[in-house]
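4 protein chains.
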Amino acid sequence: MIIVMKPGFTQEELNEVVKAVESRGAEVDKIEGVATSVLGLVGDTAYIDPDELLTFKCVEKVLKVQEPYKKANKLFHPEPTIIDVNGTKIGGGHLGIMAGPCSVESEEQVVLIAKAVKASGANFLRGGAFKPRTSPYSFQGLELEGLELLKIAKQETGLPIVTELMSVEYLDRFVEDVDVIQIGARNMQNFNLLKEVGKTKTPVLLKRGMSSTIEEWLMSAEYIMSEGNENVILCERGIRTFETATRNTLDLSAVPVIREKSHLPIIIDPSHATGKRDLVEPLAKAAIAVGADGLMIEVHNNPAKALCDGKQSITPETFDEIMKKIEVYTELEGATI
Amino acid sequence: MIIVMKPGFTQEELNEVVKAVESRGAEVDKIEGVATSVLGLVGDTAYIDPDELLTFKCVEKVLKVQEPYKKANKLFHPEPTIIDVNGTKIGGGHLGIMAGPCSVESEEQVVLIAKAVKASGANFLRGGAFKPRTSPYSFQGLELEGLELLKIAKQETGLPIVTELMSVEYLDRFVEDVDVIQIGARNMQNFNLLKEVGKTKTPVLLKRGMSSTIEEWLMSAEYIMSEGNENVILCERGIRTFETATRNTLDLSAVPVIREKSHLPIIIDPSHATGKRDLVEPLAKAAIAVGADGLMIEVHNNPAKALCDGKQSITPETFDEIMKKIEVYTELEGATI
Amino acid sequence: MIIVMKPGFTQEELNEVVKAVESRGAEVDKIEGVATSVLGLVGDTAYIDPDELLTFKCVEKVLKVQEPYKKANKLFHPEPTIIDVNGTKIGGGHLGIMAGPCSVESEEQVVLIAKAVKASGANFLRGGAFKPRTSPYSFQGLELEGLELLKIAKQETGLPIVTELMSVEYLDRFVEDVDVIQIGARNMQNFNLLKEVGKTKTPVLLKRGMSSTIEEWLMSAEYIMSEGNENVILCERGIRTFETATRNTLDLSAVPVIREKSHLPIIIDPSHATGKRDLVEPLAKAAIAVGADGLMIEVHNNPAKALCDGKQSITPETFDEIMKKIEVYTELEGATI
Amino acid sequence: MIIVMKPGFTQEELNEVVKAVESRGAEVDKIEGVATSVLGLVGDTAYIDPDELLTFKCVEKVLKVQEPYKKANKLFHPEPTIIDVNGTKIGGGHLGIMAGPCSVESEEQVVLIAKAVKASGANFLRGGAFKPRTSPYSFQGLELEGLELLKIAKQETGLPIVTELMSVEYLDRFVEDVDVIQIGARNMQNFNLLKEVGKTKTPVLLKRGMSSTIEEWLMSAEYIMSEGNENVILCERGIRTFETATRNTLDLSAVPVIREKSHLPIIIDPSHATGKRDLVEPLAKAAIAVGADGLMIEVHNNPAKALCDGKQSITPETFDEIMKKIEVYTELEGATI
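Sequences listed follow chains A, B, C and D, in order. Note that full-length UniProt numbering has the first sequence beginning at 1, numbered continuously upward. Note that full-length UniProt numbering has the second sequence beginning at 1, numbered continuously upward. Note that full-length UniProt numbering has the third sequence beginning at 1, numbered continuously upward. Note that full-length UniProt numbering has the fourth sequence beginning at 1, numbered continuously upward.
Set out below in structure tokens:
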């Protein structure tokens, strides 16, 4: 971190800044020029808040040089993290293909879809039991009953389960029953929830918040990791922009940016990002080509009757075609599913 | 709600749509033209999800005519809601001025500030005990100890307390000790937390999410209200845009828009919106002039040493000047503090 | 400007950076610390492009300390600029109230509205002769005929004319006939047009681009000013965000931000910003309260028949009420119309 | 277009709406239900402005059913447009790879790069002679001299030239010397410039504005096409969002969205979108995989000395590697360069 001092500051003012920096565990390297005075902060600056430094009247500007995350930082962990979910791997060339219905609706539905997506090559079953809905009057998911149905589908197919946790209340159940705990976009900065899943050992799929910068997203991963759980999978699912042709704007650039900054695996959810089923195939191919570690795709046996988000769901037949098409893109990236 | 049908749909397809609509409690008014077929939905359409209707192949477009919220809707409650917090009112001409430190740091600090802001005319004490921070390494607030200090400041001044709840875990304590429970921007769509505060009778200050539309914000209010707690105060605190000169972009238009759509009171937080202490005064005046029901302002006795967000804090002296200046704006709006 | 060097750079690399800086007219103040090496740039850094410096492999980060604009910068011109438009002043406590129809439609229309808005206290007539429209099939304005009608209205009322120039082709006509040349939001970075109006002496109203930062906006003003024309009035008219309840999001914070950075006057256009006539009054009051130097308001004698943008137009009667209401706000700011 | 009427409208009010619609060349299909009255507009609705209809007090809502563009609309031109630039084709399976320096700096530079990119497989030379720069103090390009240098490079390599036109003043020179006229993002709604290039026969590369919706972009293409020039190539180059890790957010979803709505070819510019040279390769691959009709890539022989935008430029060697890598992606899409 670099602090640019205002011209004419006093020694007393400088001392106050130095004291503040040292009280947060870093050291000050005073670097004096003829016309400019700059302080370079040395050591661990993670505990220093640039905004706090700006409260000092003698401080002109503050420039972050190091990233504020540590455990998520590639600098201190250059090799890509490979997350092992009961034998199925994600990261470092292993793609995770998570497919399934937006909402779990019945045993018949979820088992049928699970079998279909497995046959097409998916290696995870995703399905919503607890659903975050904008309206309190919309269908909120089958909740615990949905979780039971997912377990049946897992028994039938062997596919590990990915499903969203919305409340600490059910964390124990999730740890017991679920293979990957999904934290949804709306809860990306529900810090309490992040800390609690951080205390478990269950892999966490952390969706990017709709208006979250990549840095904030990695800081949310850091919340989980700093509690001890380093099994974090990032999932880009579109950010909110002014464009209305798609539900959100899928930020595929996030994949190479994350690759540069972090060792954590990152997957892409083209279904939620666009809200349009015809866009899933082209964006799935692009996601693999850009280097993503996997995909999350909504698949439904009868989109016209899905209880939620049917507009973005594809049928098992379409999913099968997509899987065939992405096969060669996967090979080109030197990856395997 | 209006459904525009695609040309050439079959009777069978139409029946499916009608069935779906009726299963959600509304009725279909088929309105046939020479070249266009349109379905008008009659009755309560709150349970109908436009996205679901778009999954039907015969449906071209869906247009919402009514707003999706009911209890927050001005249509069914034309008079402004006045929320009575143990005798202090907000709404319908009563302004709530909530002032205090970003973080509660010590008894001395919070009592001193509470007395100062009361003397200047504030009628609520705001102060953070639990702090949502982007980084897990930043100061997270004094937590329960902070709550105790707020209670002391309340005893000393009589000012009702507004403070943020981040986890259901502490809800009972908040119901007991706190006068207004604040739900922060990052938790605006933490639906679980919304439902739980909705089951209490304590007034709720609901901050707008950084990337939330006004409609989504009112739907989050609806989550609280639909559980039985109709004491919701909205708080605009800036939305996320591309502009970097201010931390967020304060959306003052939200005040007259909310006025048109809802009966709930709405206040403005210029401190968090801009992140700059020099912008607080002009935006506080503008907020009153645009018709807001109150303000939330960060006040600190020594901004340079504040443990968080000092850059946006003003001193008690500056707060006093602002209060003097907004007095006449308050009168112009026919309001009282 | 501050350059943070990467650890381990060579003397040769440093020399290249120094050479690049000096070739742009600035000097390098090398400020060496124990662990960090920083270059402070001294002198006029306006010709140095931070992005160019980042191309050097030895450069880690670049931090701008000074603003990149010079003539628009308050630092070098602390007193507010007062622009005198044939006797009518804007800036430094003089408010410019620009009212009139979105499109000039007929002599009768524009004269009638001009007389009405003058009677209510407006001191400028605004009206579109050339209209920027998203669709080539929409009405594009009466063009030169519209300009003639504006001149008639000016003769009848004495109000100076503000109207939009979209093409260099008509610049001479505008210089001759128009009192303030408006550059629309879509042309804010039409640098060719900016340079050409910069070569005239006619005051320029520069609208903020829909996705322009305040810094880019001031740089566009700088384009005009650097050619010799320092009579620039800024006009905030809403920025593009995800919110759809209003057409754009009016950024009233821009007023105090501009006040801090520049000496140029800034006015507010609540009509275009919101696209809703009911929001004009509250936002007009807020604009004066936040310290704006004036307003631009669409007024139409029959909104229901306006050829464009009727939805946001108010009637002369409503305009008269607004003018009465903002009178006291104007006084409170110590300003005069 | 569908008009939803407010309950209780009078016959007289209805007549006024019908008259307005008919005066714009469309017809009204009145579709009456029991509880809702809706007007369906039949015929060519391109001349009808939804905002105008909303000015009528009896109109509740207006819903566009057809897209507002005609010549750019796939509905009326289902086959993909293939643009033939003196024998080099773009669209319908033919990829256009446009490579070259951001700014033309010298004959040596541009000829060297042109030869290199041709050898690697590029089929167009792009290079800036006139440069749009945020600051009037930044290098603005060699202008007409740069154009001459591009012509020399064309003679030496046979590559057709793509370069940006910023002012109508030079249109004749561009028509004579240039193969594809680029309209930059900042001029996407410079309607005057669009109309003028629309009167030529030279192919136009139309970059998307930084805050333009896909619909607005296609309407700008329509401006060019409605004047007679149907040779429009669209170019996505990133949109402005809150994210700061990349300069803009590349919207790759725009490719399949455009494919669905229009017959015009669309290419991707990963260099400007991200502003980071390391992101060019992964996004170039993703662009081909998502179905784009080509790429625009900045290539410079010495990025560290480029006069502008060097940070995003890659060397000819890196460009060669990228071209080798995208070869197989091109084949997978059934396309040829």
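Glycine included, every Cβ here is placed at the ideal spot set by N, Cα and C. All of these numbers come straight from a predicted model, not from anything done at the bench.
DSSP beta-bridge partners of residue 89(C): Answer by DSSP bridge pairing, in chain order: 84(C).
Interface partners of residue 61(B) on chain D, CB under 7 Å: By Cβ distance, chain D contributes 63, 65.
At least three beta-carbon pairs within less than 8 Å, the stretch 12-21 of chain D to the stretch 39-53 of chain D: Contact holds: three or more Cβ-Cβ distances are below 8 Å.
From 211(A), 318(A), 266(A), 148(A), residue whose alpha carbon lies closest to that of residue 278(A): Of the candidates 211(A), 318(A), 266(A), 148(A), the one whose C-alpha sits nearest the C-alpha of residue 278(A) is 318(A).
Opposing strand residues paired with residue 126(B) [DSSP bridges]: Bridge partners of residue 126(B): 162(B).
Among 78(C), 184(C), 315(C), 158(C), the one whose alpha carbon lies nearest that of residue 128(C): If we check each option's Cα against that of residue 128(C), 184(C) comes out closest.
Beta carbon of residue 299(B) nearer than 7 Å to that of residue 99(B): Yes; because the gap between Cβ atoms is below 7 Å, this pair is in contact.
Helix, strand or coil at residue 22(A) according to DSSP, with G and I counted as helix: Residue state for residue 22(A) is assigned as helix, using DSSP reduced to three classes.
Beta bridge counterpart(s) of residue 325(D) as assigned by DSSP: According to DSSP, residue pairing for residue 325(D) in a beta bridge does not occur.
Burial state of residue 302(D) (16 or more Cβ within 10 Å): Result: exposed.
Inter-stretch contact (C-beta, 8 Å, three-pair minimum) for the stretch 164-181 of chain A and the stretch 214-223 of chain A: No, they do not touch.
Other residues of its chain near residue 241(C): CB distance less than 8 Å, five sequence neighbours each side excluded: These residues qualify, in order along the chain: 248, 249.
Rounded separation between residue 190(D) and residue 132(C) - CA only: If you take the alpha carbons of residue 190(D) and residue 132(C), they lie about 8 Å apart.
Those runs of the alpha helix (DSSP H) which lie wholly inside the stretch 159-238 of chain B and span at least 4 residues: Annotation: the stretch 159-238 of chain B contains the following complete segments of the alpha helix (DSSP H) (minimum length 4 residues), in chain order: 171-177, 191-198, 214-226.
CA nearest to the CA of residue 65(C), picked from 5(A), 65(A), 136(A): Of all alpha-carbon atoms in 5(A), 65(A), 136(A), the one lying nearest the alpha-carbon of residue 65(C) is that of 5(A).
Chain-ordered chain C contacts of residue 121(B) [CB-CB under 7 Å]: Neighbours of residue 121(B) on chain C: none; closest Cβ ~18 Å, over 7 Å.
3 or more residues per run - each beta strand (DSSP E) lying fully within the stretch 40-117 of chain D: Listed in chain order, the complete beta strand (DSSP E) runs (minimum 3 residues) inside the stretch 40-117 of chain D are 59-63, 83-85, 88-90, 96-100.
Residue burial classification, residue 106(A) (beta-carbon count within 10 angstroms, cutoff 16): Its Cβ having fewer than 16 others within 10 Å, residue 106(A) is exposed.
Where residue 132(C) meets chain D, residues with beta-carbon distance less than 8 Å: In chain order: 189, 191.
Minimum Cβ-Cβ distance from residue 46(B) to chain A less than 7 Å: Interface residue, yes.
Residue 109(B), buried or exposed, once every other Cβ within 10 Å from all chains shown has been counted against 16: Buried is the call here.
Residues that DSSP places opposite residue 267(A) in a beta bridge: Bridge partners of residue 267(A): 235(A).
Counterpart residues of residue 338(C) in DSSP-defined beta bridges: What the structure shows of chain C is the stretch from 1 to 337, and residue 338(C) is not part of that stretch, so it cannot be assessed.
Residue-chain proximity (residue 242(D), chain B), Cβ-Cβ < 7 Å: By this cut-off, residue 242(D) is an interface position.
For residue 288(D) and residue 90(D), the rounded distance between their alpha carbons: So the alpha carbons of these two residues sit roughly 13 Å apart.
Rounded distance between the beta-carbons of residue 165(A) and residue 140(A), thought under 8 Å: Incorrect: roughly 14 Å between the Cβ atoms, too far for contact.
Contacts around residue 154(A), its chain only, beta-carbon distance under 6 Å, and the 5 residues preceding and following it disregarded: Cβ within range, chain order: 161.
Cβ-based burial, residue 334(C) [other Cβ within 10 Å; buried from 16]: By the C-beta density criterion, residue 334(C) is exposed, having fewer than 16 other C-beta atoms within 10 angstroms.
Residue closest to residue 114(D), alpha-carbon to alpha-carbon, out of 96(D), 156(D), 79(D), 144(D): The residue with the shortest Cα to Cα distance from residue 114(D) is 156(D).
Pairwise C-alpha distance: residue 252(C) and residue 275(B): If you take the alpha carbons of residue 275(B) and residue 252(C), they lie about 15 Å apart.
Distance CB(residue 239(A))-CB(residue 198(A)) smaller than 7 Å: Cβ distance not < 7 Å, so residue 239(A) and residue 198(A) don't count as in contact.
Residue 171(A) and residue 143(A) closer than 7 Å at C-beta: Taking C-beta atoms as the reference points, residue 171(A) and residue 143(A) fail to come closer than 7 Å.
Sub-7 Å separation of residue 97(D) and residue 294(D) beta-carbons: For residue 97(D) and residue 294(D), yes; Cβs fall inside 7 Å.
Secondary structure of residue 320(B), DSSP reduced to three states: In the structure shown, residue 320(B) sits in a helix (DSSP, three-state: H, G or I).
Contact check, residue 286(D) vs residue 257(A), beta carbons under 7 Å: Contact flag unset, no.
Selection from 86(D), 282(D), 70(D), 74(D) that minimises the alpha carbon distance to residue 202(D): Answer by Cα proximity: 86(D).
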